[in-house]
Amino acid sequence: MSSPILEQQIASPQTPGAKYFTPFEVSAELEEEARKRIERYPAEHRPAALLPLLLLVQERFGFISPEAVQWVAGMLDVQPIRVEEVVTFYPGLRQRAPGRFHFRVCRTLSCAMGGSYELMDKLCELTGIDRSTISHRNPIAVSPCGTWSVEFSECLAACGTAPVCMVNDDFHEEVTPGRAADLIASCRDKSKD
Amino acid sequence: MSKIEYRKDRKPHPREHRLVFRNVDRKGWKPDLKHYLEDGGYKQLRKALKMAPREIIEEVKKSQLRGRGGAGFPTGVKWGFIPPGNTRPVYLICNADESEPGTFKDRHIIHQDPHQILEGMIISCFAVNAHLAYIYIREEFPEGARILEKAIREARRENLLGNNILGSGFNLEIHVHRGAGAYICGEETGLIESLEGKRPYPRIKPPYFPAAIGLWMCPTIVNNVESLCHVKHIIAMGGDKYAELGTPRNTGTRILCVSGDVQRPGYFEIELGAVTMGELLNDLCGGPKDGRSFKAVIPGGSSARIMRADESYTVKRNDEEIEMGFLDLPLDFDTIAAAGSMAGSGGIIVLDDSRRMSWVLNNINQFYAHESCGQCTPCREGAAWMRKLTGRLVAGTATPRDVETLESIAYQIDGRTICAFGEACSWPVEAVVGKFRDELLAETSARNESLPHNPEQAAQQRYLQEA
């Protein structure tokens, strides 16, 4: 049985956020960095560098494209399906581009009690994100302009200062729904630099 | 850069006993090697390197240190499971995948005292003869990973890591390995699979401990961040002296993380058993929010069985059975276990009388349904079913039979899975249904029996109505 959401994803695999990321490209520098990461594991256990390489790709290019999967498989001398099964397992690995500013809001108990669902609603309202596209396969919703994206994340381990939220790699605590506007404004300031 | 603001003005509560958290929120403290060395850092490493590895393991055994990650298994005993006469390489992994809902201690150690982790790790590696160690840190701590990598570089420069550490002839490399956002990677065999570059499906037991067969089929020790930090303090104090802290079988200090409906949530490092639940919640955390009262507490991360605040518990003390009110329970591993729950990871989530238990349970079920790795059928299917049923409770479309089904599903998962995730996802349901059955039933209605619960049923019903 085919699902409409799946078909939509196959037809248009990219999100408006893709314009903020450079397309995947292998450079000498990238290969050098990959080699450094591979060296951290015993030579006979190269596949251990799978996650480090996938995270490297995601840091540089925003998400993990099918070409990147092929490259990682080649670097580690494993079949691409080994890489693919890992990419599709972990919530932290993305196959589609997020927005330029990616909000990960904690939805687990302490944060939910502190108002993280309201925070999510507020963020979507302020950035014009339509959350109805979110599904188990596709947990990220991107704004039409590609600048913003949101995702509910499971426990971010800062329950004492709920609700908490990550913006890209930065961590923000006690982000009550009332502070959503400030958070977005601080991102806007950053994008002017 | 990170926006985490450390509360430099926040002094530890007088009831606290800070060992591991000594440098957390400390005034004028910086998490670099210079500050750490000036504060007497790596002194215990020098001391340990002069001891025989066997002696270090003996000290840790004497200290009766129990793992701080969740299961509370004695660390020294775990180390002793490396097969005697082993000729394969031994690996040590620091489990920094802190992801049990309610727990937020490891992040602060990583961010504010990374060298304490390294010192504990180097001593532990020396004790178990490991020459390669990894810190498995969750993907959501990018800043933490950078801080640890910087600390490792600093330590290597001072010959605290690398070849011939401080002239002792001992070689060790430590690397940071980042995860990718999966809760199951906190399970030690799942973590090992993940580190090997696979999906983190926990391994079939036996062997029960990766100390027998672990990373790359070699003996592997997996310890929590906090447990490894305690090793340093055990070397400093001596195992026997350390065991005097706390109560028998529950020795030392541990960090409790309180979140939810209290005036002052936060982390508190206390001597085990020295503080009761009531003292923690009312004195250290300032009591319930204005006009509210405590309803229930999840005492050790979201997978621990929930405890009612108005219940009394029968606890064994020196072969005597004592009846204790909830607020009088001393906080240690054994008392909480005797009261029918577990001290787990030390994450205490407090719920007050404004909380609907169906909503709370649904939130927990959503977590477990999302995080089940999908390897074992009872857990993969059951966790999702339980989420669906509590979803109906929250939406007001549940029938009394749904509560029964919910409970029976939970008891069918428990004990029938490869790893402890089965228990982790079923215990909250078993406890909430068992202790708040009336409240859940009050939200159901027998009239909901006729409601369509999925799109196909809804379509069928529409079709019948139109026909």
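Top to bottom, those sequences are chains A and B.
Here the first sequence stands for residues 1136 to 1328, where the numbers follow this note's numbering.
Here the second sequence stands for residues 850 to 1316, where the numbers follow this note's numbering.
Think of the CB as a built atom: it goes at the ideal place given N, C-alpha and C, for glycine as much as any other residue.
Residue i at chain A interface by Cβ criterion, 8 angstroms
{"i": "Asn1212/B", "result": "yes"}
{"i": "His980/B", "result": "no"}
{"i": "Lys1047/B", "result": "yes"}
{"i": "His1024/B", "result": "yes"}
{"i": "Asp1110/B", "result": "yes"}
{"i": "Gly1115/B", "result": "yes"}
{"i": "Glu947/B", "result": "yes"}
{"i": "Trp1276/B", "result": "no"}
{"i": "Val1074/B", "result": "no"}
{"i": "Trp1065/B", "result": "yes"}
Min CB distance residue i to chain B below 8 angstroms
{"i": "Ser1326/A", "result": "no"}
{"i": "Phe1224/A", "result": "yes"}
{"i": "Cys1290/A", "result": "yes"}
{"i": "Glu1220/A", "result": "yes"}
{"i": "Pro1187/A", "result": "yes"}
{"i": "Phe1306/A", "result": "yes"}
{"i": "Ala1297/A", "result": "yes"}
{"i": "Met1210/A", "result": "no"}
{"i": "Met1301/A", "result": "yes"}
Beta-carbon gap between residue i and residue j smaller than 8 angstroms
{"i": "Ser1190/B", "j": "Pro1148/B", "result": "yes"}
{"i": "Leu1121/B", "j": "Gly1150/B", "result": "no"}
{"i": "Ile1264/A", "j": "Ser1278/A", "result": "yes"}
{"i": "Val1107/B", "j": "Leu1077/B", "result": "no"}
{"i": "Cys1268/B", "j": "Gly1030/B", "result": "no"}
{"i": "Leu981/B", "j": "Ala1004/B", "result": "no"}
{"i": "Val1209/B", "j": "Phe1143/B", "result": "no"}
{"i": "Val1080/B", "j": "Ile972/B", "result": "yes"}
{"i": "Met970/B", "j": "Leu941/B", "result": "yes"}
{"i": "Glu1289/A", "j": "Phe1019/B", "result": "no"}
{"i": "Phe953/B", "j": "Ala1292/A", "result": "yes"}
{"i": "Ala1208/A", "j": "Val1218/A", "result": "yes"}
{"i": "Gln913/B", "j": "Arg1204/B", "result": "no"}
{"i": "Val1146/B", "j": "Met1156/B", "result": "yes"}
{"i": "Gly1240/B", "j": "Asn1212/B", "result": "no"}
{"i": "Glu988/B", "j": "Gly1227/A", "result": "yes"}
{"i": "Gly1046/B", "j": "Leu1185/A", "result": "yes"}
Proximal residues of chain A, C-beta to C-beta of residue i below 9 angstroms
{"i": "Ile1198/B", "result": "Leu1244, Ser1245, Met1248 and Cys1294"}
{"i": "Phe1216/B", "result": "Arg1242, Thr1243, Leu1244, Glu1289 and Cys1290"}
{"i": "Arg1052/B", "result": "In chain order: nothing, as chain A lies at least about 16 angstroms away."}
{"i": "Thr952/B", "result": "Cys1290, Ala1292 and Cys1294"}
Close beta carbons around residue i, own chain, < 7 angstroms, minus the five adjacent residues each side
{"i": "Lys896/B", "result": "Ile1084"}
{"i": "Ser851/B", "result": "Bear in mind that the predicted position of Ser851/B carries a pLDDT of just 45, short of 50, making it unreliable; the figure below should be weighed with that in mind. So the qualifying residues of the chain are Glu992."}
{"i": "Tyr1050/B", "result": "Gly1039, Glu1042, Cys1222 and Gln1224"}
{"i": "Arg1181/A", "result": "Ile1173, Leu1211 and Asp1212"}
{"i": "Ile1258/B", "result": "Gly1231, Trp1234 and Met1235"}
{"i": "Pro1137/B", "result": "Asp1110, Val1111, Phe1143 and Asp1201"}
Contacts of residue i in chain A (Cβ-Cβ under 8 angstroms)
{"i": "Ala1031/B", "result": "Phe1224, Tyr1225, Pro1226 and Gly1227"}
{"i": "Val1107/B", "result": "Gly1295"}
{"i": "Arg956/B", "result": "Ala1292 and Ala1293"}
Sequence-distant residues of the same chain with beta carbon closer than 6 angstroms to residue i, five excluded per side
{"i": "Met1136/A", "result": "With a pLDDT of 44 at Met1136/A, under the threshold of 50, the predicted position of this residue should be treated as unreliable, and no value is reported."}
{"i": "Gly1063/B", "result": "Ile1041 and Thr1069"}
{"i": "Gln1314/B", "result": "none"}
Residues of its chain near residue i, where Cβ-Cβ distance is below 8 angstroms and the 5 sequence neighbours each way are ignored
{"i": "Asp1263/B", "result": "Gly1271, Glu1272, Ser1275, Trp1276 and Glu1279"}
Interface residues of chain B facing residue i [CB-CB closer than 7 angstroms]
{"i": "Pro1182/A", "result": "Glu1045 and Gly1046"}
{"i": "Arg1175/A", "result": "His1024"}
Partners in chain A for residue i, counting only beta-carbon separations shorter than 7 angstroms
{"i": "Pro1148/B", "result": "Neighbours of Pro1148/B on chain A: none; closest Cβ ~14 angstroms, over 7 angstroms."}
{"i": "Pro991/B", "result": "Asp1304"}
{"i": "His1219/B", "result": "Glu1289"}
{"i": "Ser1151/B", "result": "Leu1244"}
{"i": "Val1209/B", "result": "Leu1244"}
Neighbour list for residue i in chain B, Cβ cutoff strictly below 8 angstroms
{"i": "Leu1190/A", "result": "Glu988, Arg1027 and Ala1029"}
Report the residue ranges of all beta strand (DSSP E) runs contained in full by the region 1035 to 1066 of chain B; include only those spanning at least 3 residues, in chain order. Counting only unbroken stretches of 3 or more residues, no beta strand (DSSP E) element lies wholly within the region 1035 to 1066 of chain B.
Note down, one range per segment and in chain order, each alpha helix (DSSP H) of at least 4 residues found wholly within the region 862 to 939 of chain B. The region 862 to 939 of chain B contains these whole alpha helix (DSSP H) runs: 882 to 887, 892 to 899, 902 to 912 and 924 to 928.
Any alpha helix (DSSP H) of 4 or more consecutive residues that is wholly inside the region 987 to 1029 of chain B: If one requires a minimum length of 4 residues, the alpha helix (DSSP H) runs lying completely within the region 987 to 1029 of chain B are 991 to 1006, in chain order.
Considering only residues of the region 1069 to 1121 of chain B, which uninterrupted alpha helix (DSSP H) runs meet the minimum length of 4 residues and lie entirely inside it, listed in chain order? Entirely contained in the region 1069 to 1121 of chain B, the alpha helix (DSSP H) runs reaching 4 residues are, in chain order, 1074 to 1086 and 1088 to 1092.
In chain order, which continuous runs of the alpha helix (DSSP H) of length 4 or greater are located wholly inside the region 1222 to 1301 of chain A? List check, alpha helix (DSSP H) in window: 1244 to 1249 and 1251 to 1262.
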